[in-house]
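Student: My questions all concern the structure below.
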Amino acid sequence: MQIGVTAAGKDLESVVDSRFGRCAYFLLVDTETQEYEAVNNPGSSAGGGAGIKAAQAFLKSGAKALITGQPGPNAFKVLAAGGVKIFQAPGGKVSEVLDLYKNGELKEITTPGGPNRGHGSR
Amino acid sequence: MIISVLSGKGGTGKTTVSVNLAISLAGKDEKVLLVDADVEEPNAGLYLKPMLEESLPVSIPVPKIDRDRCDYCGECANFCQFNALAVAEGAALIFPELCHGCGGCVLVCPKDAVQEDTREIGVVEKGWADSIKFWQGRLNIGEPFAVPVTRHLKSELANSKEHTIIIDSPAGVSCPVIEAVRDSDFALLVTEPTPFGRHDLEIALKMVEHLGIPHGVVINRAGEDNKIISELCQERNVPVLLEIEFSSRLASLGSTGVPFSKVLPEWQDKFFEMYQAVKEGCSCAS
């Protein structure tokens with residue numbers, strides 16, 4: 368299955384970006400084959416509503432699970448509407464959190480964080 | 415004639431100048447309308463203590479989705495530059511606080527599933543402070559977009575042409591300021607003789623030059639350091655129309671909500687003199 372991780376760089380050795388709406392990339396990883404693809408997050412350059420824009424782009428990717436820091440309330444709503452399960456990353460490299468995920472050690476987030484946690488707050 | 419009062423830096427004395435100018439004109443039997451266009455925190459009323467007689471709601475259009483027609487194609491969300499819409503399979507979400515009310519989503523929807531609803535974001539209030547006609551806009555707390563309220567305020571100015579209109583603008587040079595000062599006949603730039611005052615005055619000067627509004631400077635809290643402003647004005651060929659000295663008398667009156675020209679009538683003459691100079695320099699002068 369395909370899972371998305373918010374990342375600062377384009378490969379599995381990049382650090383996880385704890386921000387959702389303003390992360391640089393979504394790394395879309397196939398959990399069986401470890402094949403991955405880096406997708407630009409269009410939310411990173413949004414004037415406002417970055418979380419919504421990022422979530423909309425994430426839905427388009429088709430991945431049904433996401434590992435990130437803590438999405439804000441707007442992004443959470445969109446991701447939830449798209450049926451995406453969200454898991455909280457403790458930080459570290461993408462490859463490390465993927466291992467944690469496979470071992471069932473990541474906590475699922477079921478409530479949104481506070482608004483305007485990113486850099487785009489007006 | 416429309417005179418807008420603005421500054422780059424906040425707290426330089428825009429409202430002080432607006433209110434005292436209004437009082438001075440009214441004192442000479444001029445018909446005057448003071449418009450507090452600092453809709454995020456209007457405060458001219460604290461000095462003028464007007465009787466507000468009318469309160470008109472200001473609304474902006476927001477989208478509403480007809481669930482029977484929507485097939486979740488996502489065209490609306492794709493179009494929206496402000497990310498006020500998002501579409502998932504079987505769900506269209508609206509984030510009204512991000513909507514600028516452009517109506518584009520209604521136009522691009524291929525199924526006619528997006529309709530226009532309205533949302534109240536503030537009010538325009540009208541009244542009188544003795545013989546001064548007084549209007550102000552108030553943006554509801556938590557609303558991010560001030561411009562629609564300012565625009566509503568200004569849309570009715572055409573009906574007050576017999577008045578000298580003074581617009582008390584917000585600080586800075588952002589969209590709400592541009593909306594407040596555009597189409598003015600003259601801009602009074604209020605500043606203070608500090609490096610910050612000068613820095614932000616330079617930005618405000620660029621803005622009014624760009625908008626093509628004739629302008630002059632008022633130095634508030636004037637004193638020994640005036641050179642920092644007067645040199646800039648000389649360089650840029652901008653007249654300094656009034657200096658309000660830094661004095662504890664004026665400050666203490668201000669701090670108790672008393673416009674100083676009310677108790678110190680010589681200031682009414684100074685403000686009226688400035689008004690005459692403004693009239694000469696303004697774009698409506700023939």
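First to last, the protein sequences are chains H and D.
Residues in the first sequence are numbered from 368 upward in steps of one, following my numbering.
Residues in the second sequence are numbered from 415 upward in steps of one, following my numbering.
Beta carbons are placed, not taken as given, at the ideal position from N, Cα and C, and that holds for glycine.
Keep in mind that this is a model prediction, so the values were computed, not measured.
With D:Tyr461 as the anchor, note down where its alpha helix (DSSP H) starts and where it stops.
Tutor: Taking the second sequence and counting its residues from 1, the one referred to as residue 461 of chain D is at position 47. Per DSSP, D:Tyr461 belongs to the alpha helix (DSSP H) from 458-462.
Student: If you drop the 5 nearest sequence neighbours on each side, which residues of the same chain put their C-beta closer than 7 Å to that of D:Cys484?
Tutor: Start at 1 with the first residue of the second sequence, and residue 484 of chain D comes out as number 70. Within the same chain, D:Cys484 has close Cβ partners Ala506, Lys525, Ala527.
Student: Which stretch, first to last residue, makes up the alpha helix (DSSP H) that contains D:Met714?
Tutor: In the structure displayed, chain D extends from 415 to 700; residue 714 of chain D sits before or after that span and is not available.
Student: Counting only beta-carbon separations shorter than 8 Å, does H:Leu426 have a partner in chain D?
Tutor: Your numbering for residue 426 of chain H matches position 59 in the first sequence. With 8 Å as the cut-off, H:Leu426 counts as an interface residue toward chain D.
Student: Against chain H, with Cβ distances strictly below 8 Å, would D:Asn764 count as a contact?
Tutor: Outside the modelled stretch of chain D, which goes from 415 to 700, sits residue 764 of chain D, for which no answer is possible.
Student: Is the Cβ of D:Ala527 closer than 8 Å to any Cβ of chain H?
Tutor: In the second sequence, residue 527 of chain D corresponds to position 113, counting from 1. False, the Cβ-Cβ gap to chain H never drops below 8 Å.
Student: What number of angstroms, rounded off, separates the C-alpha of D:Gly630 from the C-alpha of H:Pro457?
Tutor: By 1-based counting over the second sequence, the position of residue 630 of chain D is 216. By 1-based counting over the first sequence, the position of residue 457 of chain H is 90. Computed Cα separation, rounded: 57 Å.
Student: Using DSSP's beta-bridge definition, name the partner residues of D:Ala502.
Tutor: Against the second sequence, residue 502 of chain D aligns to sequence position 88. BP columns for D:Ala502 point to D:Ala505.
Student: By the three-class DSSP mapping on this structure, what secondary structure does H:Gly371 have?
Tutor: Numbered from its first residue, the first sequence carries residue 371 of chain H at position 4. Strand.
Student: List, in order along the chain, the chain H residues whose C-beta lies closer than 8 Å to that of D:Glu659?
Tutor: As a first step, residue 659 of chain D is located in the second sequence; it is residue number 245 there, counting from the start. The contacting residues do not exist; D:Glu659 stays about 38 Å from chain H at best.
Student: Taking only beta-carbon positions, decide if H:Ile419 is within less than 8 Å of chain D.
Tutor: Working through the first sequence from its first residue, we reach residue 419 of chain H at position 52. Yes - at least one Cβ of chain D is within 8 Å of the one on H:Ile419.
Student: May I have the straight-line CA-CA distance separating H:Glu475 from D:Ala502, to the nearest angstrom?
Tutor: Locating residue 475 of chain H in the first sequence gives position 108, where the first residue counts as 1. Locating residue 502 of chain D in the second sequence gives position 88, where the first residue counts as 1. Rounded to whole angstroms, H:Glu475 to D:Ala502 spans 21 Å at the Cα level.
Student: Check the Cβ of H:Lys444 against every Cβ in chain D and list those closer than 7 Å, keeping chain order.
Tutor: Translated into the one-based positions of the first sequence, residue 444 of chain H becomes position 77. Residues of chain D passing the Cβ test: Leu507.
Student: Hey, quick one: how far does the alpha helix (DSSP H) through D:Ile555 stretch, first residue to last?
Tutor: Walking along the second sequence from the start, residue 555 of chain D turns up at place 141. No alpha helix (DSSP H) contains D:Ile555, which DSSP labels as neither H nor E.
Student: Checking contacts by CB at 8 Å: is H:Ala413 closer than that to chain D?
Tutor: As a working mapping, residue 413 of chain H is identified with position 46 in the first sequence. So, interface residue.
Student: Between the Cα of D:Phe610 and the Cα atoms of D:Lys575, D:Ser421, D:Glu576, which residue gives the shortest distance?
Tutor: For the purposes of this step, residue 610 of chain D is identified with residue 196 of the second sequence, where counting begins at 1. Of D:Lys575, D:Ser421, D:Glu576, the residue nearest in Cα terms is D:Ser421.
Student: When the Cα atoms are used, what is the spatial distance from D:Glu694 to D:Pro510?
Tutor: The sequence position of residue 694 of chain D within the second sequence is 280, counting from 1. The sequence position of residue 510 of chain D within the second sequence is 96, counting from 1. If I take the Cα positions, the gap works out to 46 Å.
Student: Give the range of the alpha helix (DSSP H) segment to which D:Gln690 is assigned.
Tutor: Translated into positions along the second sequence, residue 690 of chain D becomes position 276. That run of the alpha helix (DSSP H) goes 680-695.
Student: Quick one, are the C-beta atoms of D:Trp549 and D:Met465 less than 8 Å apart?
Tutor: Working through the second sequence from its first residue, we reach residue 549 of chain D at position 135. Working through the second sequence from its first residue, we reach residue 465 of chain D at position 51. No; because the gap between Cβ atoms is not below 8 Å, this pair is not in contact.
Student: Going residue by residue through the segment 532-608 of chain D, where are the continuous beta strand (DSSP E) segments of at least 3 residues, counting only ones entirely within it?
Tutor: Counting whole runs of 3 or more residues, the segment 532-608 of chain D contains the beta strand (DSSP E) stretches 546-553, 578-582, 600-605.
Student: Check whether the Cβ atoms of D:His581 and D:Ala572 lie closer than 8 Å to each other.
Tutor: If you number the second sequence from 1, residue 581 of chain D lands on position 167. If you number the second sequence from 1, residue 572 of chain D lands on position 158. The amino acid occupying residue 581 of chain D in the given sequence is Ile; His does not appear at that position. Cβ atoms of D:Ile581 and D:Ala572: not closer than 8 Å.
Student: Taking C-alpha atoms, which residue in H:Asp384, H:Gly481, H:Gly371 lies nearest to H:Pro440?
Tutor: In the first sequence, counting from the first residue as 1, residue 440 of chain H sits at position 73. With distances taken between Cα atoms, H:Pro440 lies closest to H:Gly481.
Student: Taking D:Glu503 as the query, report the chain H residues whose CB atoms sit under 9 Å from its CB, ordered along the chain.
Tutor: Along the second sequence, one-based indexing puts residue 503 of chain D at 89. Simply Leu426, Ala448, Gly449, Gly450.
Student: When burial is assigned at 16 or more other CB atoms within 10 Å of the CB, is H:Thr477 buried or exposed?
Tutor: Against the first sequence, residue 477 of chain H aligns to sequence position 110. Looking at its Cβ environment, which holds fewer than 16 other Cβ atoms inside 10 Å, H:Thr477 is exposed.
Student: Please classify D:Asn651: is it buried, with 16 or more other beta-carbons within 10 angstroms of its beta-carbon, or exposed?
Tutor: Here residue 651 of chain D is taken as the residue at index 237 of the second sequence, counted from 1. By the neighbour-count rule (16 or more Cβ atoms within 10 Å), D:Asn651 is not buried but exposed.
Student: Can you find the residues in the same chain that come closer than 6 Å, C-beta to C-beta, to H:Leu379, ignoring five residues on each side of it along the sequence?
Tutor: Counting from 1 along the first sequence, the entry for residue 379 of chain H is found at position 12. Closer than 6 Å at the Cβ level, and outside the excluded window around H:Leu379, lie Val461, Ser462.
Student: In chain D, which residues lie with their C-beta within 8 Å of the C-beta of H:Ala430?
Tutor: Here residue 430 of chain H refers to the residue found at position 63 when the first sequence is read from its first residue. Result: empty, since nearest Cβ-Cβ is about 13 Å, beyond 8 Å.
Student: Run through DSSP, which three-state label would H:Lys452 get?
Tutor: As a working mapping, residue 452 of chain H is identified with position 85 in the first sequence. H:Lys452: strand per DSSP, three-state reduction.
Student: In the structure shown, what three-state DSSP assignment does H:Gly487 receive?
Tutor: The residue you call residue 487 of chain H lines up with position 120 of the first sequence. For H:Gly487, the predicted structure reports a pLDDT of 43, less than 50, and the residue's modelled location is therefore unreliable. The matter cannot be settled from this model.
Student: Quick one: does D:Pro512 have its CB under 8 Å from some CB of chain H?
Tutor: Working through the second sequence from its first residue, we reach residue 512 of chain D at position 98. Note on residue identity: the sequence assigns Leu, not Pro, to residue 512 of chain D. So yes, D:Leu512 belongs to the interface.
Student: Is D:Gly427 helix, strand or coil when you go by DSSP?
Tutor: As a position in the second sequence, residue 427 of chain D is number 13, starting the count at 1. Three-state result, D:Gly427: coil.
Student: Please identify, using Cβ separations under 7 Å, the residues of the segment 444-455 of chain D that lie next to chain H, in order along the chain.
Tutor: Listed by position, the residues of the segment 444-455 of chain D near chain H (Cβ gap below 7 Å) amount to none.
Student: State yes or no: is the C-beta of D:Phe493 within less than 8 Å of the C-beta of D:Val520?
Tutor: The residue you call residue 493 of chain D lines up with position 79 of the second sequence. The residue you call residue 520 of chain D lines up with position 106 of the second sequence. Result no, Cβ atoms of D:Phe493 and D:Val520 do not sit closer than 8 Å.
Student: Please state whether DSSP places H:Tyr403 in a helix, a strand or coil.
Tutor: Taking the first sequence and counting its residues from 1, the one referred to as residue 403 of chain H is at position 36. Strand at H:Tyr403.
Student: Taking the C-alpha atoms as reference points, what is the distance between D:Gln682 and D:Lys540?
Tutor: As a first step, residue 682 of chain D must be located in the second sequence, where it is residue number 268. As a first step, residue 540 of chain D must be located in the second sequence, where it is residue number 126. Spanning the two alpha carbons is a distance of roughly 25 Å.
Student: Can at least three beta-carbon pairs, one atom from the segment 466-476 of chain D and one from the segment 673-680 of chain D, be found at a separation below 8 Å?
Tutor: With the cut-off at 8 Å, the segment 466-476 of chain D and the segment 673-680 of chain D do not touch.
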